[in-house]
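K.L.:
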Amino acid sequence: MNKTCLDCKSAIKGRADKKFCDDQCRSNYNNKIKTDHPTQIKTINTILLKNRKVLEKLNPDGKTKVSGVKFTQLSFNFKYFTHTYTNQKGDVYKFCYEFGYLKLEHDYYLLVKEKSALES
């Protein structure tokens with residue numbers, strides 16, 4: 001069974017699981033895929049990554065409490081998050097990837113870092 005490069009369609013020699021004939025074809029193929037995404041998806045992904053960076057910056061130790069003013073100063077966008085978690089008390093944490101926050105009283109937020117299966 002002859003495999004062909006996903007980008008240039010030329011025959012591939014080498015490992016059985018190889019998908020591209022060289023690094024340039026791999027790069028070209030992945031760049032084409034990225035440009036196929038609608039602008040809205042790119043915009044939302046950019047916002048989510050920026051939100052994640054803000055949460056990571058404000059929460060270097062894994063759990064802390066910060067003022068909402070800090071979020072405003074760093075242009076955090078509360079409209080976008082990747083998922084939520086509801087604890088037994090009914091508190092809803094919103095997450096941007098592994099970093100999350102819970103709105104508290106008096107414009108304060110509890111910041112947390114989700115423990116992933118990769119860290120175990």
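When we follow the UniProt record's numbering, the leftmost residue of the sequence shown carries the number 1, and every step to the right adds one. Using N, Cα and C, we set each Cβ at its ideal position, and we do this for glycine too.
Where DSSP assigns a beta bridge to Lys-113, which residues make up the other side?
P.N.:
What you label residue 113 is simply residue 113 of the sequence shown in a count that begins at 1. Lys-113 is bridged to Phe-99.
K.L.:
Report the rounded CA-to-CA distance for Arg-52 versus Asp-17, giving the unit in angstroms.
P.N.:
To locate residue 52, count along the sequence shown from 1; it is residue 52. To locate residue 17, count along the sequence shown from 1; it is residue 17. When rounded, the distance between both Cα atoms is 34 Å.
K.L.:
Would you identify the three-state DSSP class for Lys-79, choosing helix, strand or coil?
P.N.:
For the purposes of this step, residue 79 is taken as the residue at position 79 of the sequence shown. Three-state result, Lys-79: coil.
K.L.:
Could you spell out where the beta strand (DSSP E) holding Thr-64 opens and where it closes?
P.N.:
As a first step, residue 64 is located in the sequence shown; it is residue number 64 there, counting from the start. It spans 63-67 - the beta strand (DSSP E) in which Thr-64 sits, taken as one unbroken run.
K.L.:
For Lys-113, collect the residues of the same chain with a Cβ closer than 8 Å to its Cβ; drop the 5 residues on either side in sequence, then sort them by chain order.
P.N.:
Your numbering for residue 113 matches position 113 in the sequence shown. Asn-59, Gly-62, Lys-63, Glu-98, Phe-99, Gly-100.
K.L.:
On a Cα-Cα basis, can you pick out the residue from Phe-81, Lys-103, Lys-70 that is closest to Gly-90?
P.N.:
Counted from its first residue, the sequence shown places residue 90 at position 90. Cα-wise, what sits closest to Gly-90 is Lys-103.
K.L.:
Suppose the cutoff is 7 Å on Cβ atoms and the five residues either side in sequence are ignored; what does the same chain contact list for Gly-77 look like?
P.N.:
Position 77 of the sequence shown, counted from the first residue, corresponds to residue 77. Looking at the sequence provided, one finds Asn at residue 77 rather than Gly. Hits under 7 Å: Ile-47, Asn-51.
K.L.:
What are the boundary residues of the alpha helix (DSSP H) that includes Asn-30?
P.N.:
Numbered from 1 along the sequence shown, position 30 holds the residue referred to as residue 30. Unbroken alpha helix (DSSP H) run through Asn-30: 23-36.
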